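Note sheet for the following structure.
Protein chains: 2
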Amino acid sequence: MPAPKFRERLAARLLDIAERVLAEEGLAAVQARRITSEADCAVGTLYNIYGDLDALIVCVHERTLRLLGASLEIASRGAARAAPADRLMALALAYRDFAVVHRHRWKALFQHVLPDGQEVPASYEAQQGELLGLIERCLADHVADAGELRTAARSLFGSAHGIITLALEGKLGGATDAELEAQLRFLVESTARGLDMGKF
Amino acid sequence: MPAPKFRERLAARLLDIAERVLAEEGLAAVQARRITSEADCAVGTLYNIYGDLDALIVCVHERTLRLLGASLEIASRGAARAAPADRLMALALAYRDFAVVHRHRWKALFQHVLPDGQEVPASYEAQQGELLGLIERCLADHVADAGELRTAARSLFGSAHGIITLALEGKLGGATDAELEAQLRFLVESTARGLDMGKF
Numbered sequence: 033m034p035a036p037k038f039r040e041r042l043a044a045r046l047l048d049i050a051e052r053v054l055a056e057e058g059l060a061a062v063q064a065r066r067i068t069s070e071a072d073c074a075v076g077t078l079y080n081i082y083g084d085l086d087a088l089i090v091c092v093h094e095r096t097l098r099l100l101g102a103s104l105e106i107a108s109r110g111a112a113r114a115a116p117a118d119r120l121m122a123l124a125l126a127y128r129d130f131a132v133v134h135r136h137r138w139k140a141l142f143q144h145v146l147p148d149g150q151e152v153p154a155s156y157e158a159q160q161g162e163l164l165g166l167i168e169r170c171l172a173d174h175v176a177d178a179g180e181l182r183t184a185a186r187s188l189f190g191s192a193h194g195i196i197t198l199a200l201e202g203k204l205g206g207a208t209d210a211e212l213e214a215q216l217r218f219l220v221e222s223t224a225r226g227l228d229m230g231k232f
Numbered sequence: 033m034p035a036p037k038f039r040e041r042l043a044a045r046l047l048d049i050a051e052r053v054l055a056e057e058g059l060a061a062v063q064a065r066r067i068t069s070e071a072d073c074a075v076g077t078l079y080n081i082y083g084d085l086d087a088l089i090v091c092v093h094e095r096t097l098r099l100l101g102a103s104l105e106i107a108s109r110g111a112a113r114a115a116p117a118d119r120l121m122a123l124a125l126a127y128r129d130f131a132v133v134h135r136h137r138w139k140a141l142f143q144h145v146l147p148d149g150q151e152v153p154a155s156y157e158a159q160q161g162e163l164l165g166l167i168e169r170c171l172a173d174h175v176a177d178a179g180e181l182r183t184a185a186r187s188l189f190g191s192a193h194g195i196i197t198l199a200l201e202g203k204l205g206g207a208t209d210a211e212l213e214a215q216l217r218f219l220v221e222s223t224a225r226g227l228d229m230g231k232f
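Taken in sequence, the protein lines are chains B and C. Counting in this note's numbering, the first sequence runs from 33 upward without gaps. Counting in this note's numbering, the second sequence runs from 33 upward without gaps.
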């Protein structure tokens, strides 16, 4: 059992390596043997520190969510004085850009399946909640009920996520950038009109 | 090289086996060795007939799309006299039901990535177009421009697909059936109001 300080440094090193491998090569490349060999430690040490490989991957996802959050915050601030519908569109486009630029990180969030019975930690859910909060803030003046607001934000996120995923994966016969943007605009415009958000 | 009739029967047998394996065990279980061993033929025969395993899998997908089309047609007919928005909701729920019941078939449509440079055959695209046509018909009285109608239908399909995928895969902290339905309803209601489809 390594001493506390050494253990902390090793935990950080394993996470850094896993993050780099996932970002550069994708989820499938994150293998215990590969990560520990680069960290110059035994495979058992990874399990000793993180419990299992999935828990280490979830730590990488949390870094991805923070990075995504920073991108969305910037987009949200940039459109702070715009109408709510324009703020929604800015968020959708920023999410699309993140998916394009951080392709492997983004795909891994949705590809990664936890073993049966294992759940993501509360910190992960809290981060997801913060990101969805950015959408909720755009809708808040137009959806009074807290439960409905929660549902509306999740509906919109799932919708934009679906449109973007199908386009980037080349399903539905592939979509140009302009076509993807037009599909997102239809979604946001409909929502804005449906909620009487005023001008778009 | 097998004689024509024998070859046709073998092609059908390989397809039937691949379809059953994919439907029961998922895309990853569809391996050339497994399929040909069950069909009592050499691995090379599969390549000889289909070109490669991916082409055989695309043939399975075409059967899946036909099955999906039949489900959506039934839902569409059942709601034929309802308002367009209610027809859209019926389609969304039928798509959700298909994804639940034919889980492996449905996942495989989106998991399966063709090798670089290979494209789905025209027959596959035509079938996709027919399914999207069911959505277009619900919107046709409210979107005059043919290009916009095409975009609107693809936007709606991608949206419903995204909401359903995240819910069934347990992302976003998991959603109950009622929550999934509420998210789909928010999407359809917004679209209906946005397009002035009248009562919902």
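Glycine included, each C-beta is placed from N, C-alpha and C at the ideal position. Just so it is clear, the structure is predicted and the values come from calculations on it, not from any experiment.
Asked, Found
"Nonlocal neighbours in the same chain, by C-beta distance under 6 Å from Leu47 (chain B), ignoring five residues either side", "Cys91"
"Residue-chain proximity (Glu57 (chain C), chain B), Cβ-Cβ < 8 Å", "no"
"The segment 122–136 of chain B contacting the segment 94–106 of chain B, beta-carbon criterion three pairs below 8 Å", "yes"
"Within 8 Å, strictly: CB atoms of Ala61 (chain C) and His134 (chain C)", "no"
"Beta-carbon proximity list for Lys231 (chain B), same chain, < 7 Å, skipping 5 on both sides", "Because the pLDDT at Lys231 (chain B) is just 44, under 50, the model does not fix this residue reliably, and the point stays unresolved."
"Against chain B: residues of the segment 137–168 of chain C by CB proximity under 7 Å", "Phe142, Glu157 and Gln160"
"8 Å Cβ cutoff, Ile195 (chain C) in contact with chain B", "yes"
"C-beta contact flag for Thr223 (chain C) and Ser222 (chain B) at 8 Å", "yes"
"Under the three-state DSSP convention, the category Lys37 (chain B) falls into", "helix"
"Arg113 (chain C), DSSP secondary structure in three states", "coil"
"For Ala199 (chain B), the nearest candidate out of B:Arg182, B:Leu212 and B:Arg45 (CA to CA)", "B:Leu212"
"Alpha carbon of Gln159 (chain C) to alpha carbon of Leu99 (chain C), nearest angstrom", "11 Å"
"Residue-level contact to chain B via CB, Thr223 (chain C), 8 Å cutoff", "yes"
"Host alpha helix (DSSP H) of Gly194 (chain B) (start-end)", "Ala178 to Leu200"
"Buried/exposed call for Glu51 (chain B), threshold 16 Cβ in 10 Å", "buried"
"Segment contact, 8 Å Cβ cut-off, at least three pairs: the segment 155–169 of chain C with the segment 179–196 of chain C", "yes"
"Interface flag, Arg186 (chain C) vs chain B, CB-CB below 8 Å", "yes"
"Between the CA atoms of Gly205 (chain C) and Tyr82 (chain B) - distance to the nearest angstrom", "22 Å"
"Chain B within 8 Å of Ala214 (chain C), Cβ atoms only", "yes"
"Chain-order list of residues whose beta-carbon lies under 8 Å from that of Ile195 (chain B) (same chain, five-residue window excluded)", "Leu212, Gln215, Leu216 and Leu219"
"Within-8 Å CB hit, Leu198 (chain C) to chain B", "yes"
"Neighbour list for Lys203 (chain C) in chain B, Cβ cutoff strictly below 7 Å", "Phe142"
"Chain C contact for Tyr226 (chain B) (CB, 8 Å cutoff)", "Before going further, note that residue 226 (chain B) is Gly rather than Tyr in the sequence given. Closer than 8 Å to some Cβ of chain C, the Cβ of Gly226 (chain B) qualifies, so yes."
"Closer than 8 Å to chain B by CB, Gly101 (chain C)", "no"
"C-beta neighbour in chain C for Lys231 (chain B), strict 8 Å", "Caution applies to Lys231 (chain B), whose pLDDT of 44 falls short of 50 and renders its modelled position unreliable; the model cannot decide the point."
"Interface partners of Leu219 (chain B) on chain C, CB under 7 Å", "Ser187 and Ser191"
"Spatially closest choice to Val145 (chain C) from B:Ile67, B:Lys203 and B:Pro153, by CA coordinates", "B:Lys203"
"Residue environment, Ala210 (chain C), which counts as buried when at least 16 other CB atoms sit within 10 Å", "exposed"
"Chain C residues whose Cβ lies nearer than 9 Å to that of Thr96 (chain B)", "Correct list: empty, because the minimum Cβ distance to chain C is about 13 Å."
"Within-8 Å CB hit, Thr233 (chain B) to chain C", "The requested residue 233 (chain B) does not occur in the structure, where chain B is confined to residues 33 to 232."
"Interface flag, Glu70 (chain B) vs chain C, CB-CB below 8 Å", "no"
"Three-state class that DSSP yields for Phe232 (chain C) in the structure shown", "For Phe232 (chain C), the predicted model reports a pLDDT of 42, less than 50, meaning its position is unreliable; a value from the coordinates is still stated below. Looking at Phe232 (chain C) - three-state DSSP - the assignment turns out to be coil, as it is neither helix nor strand."
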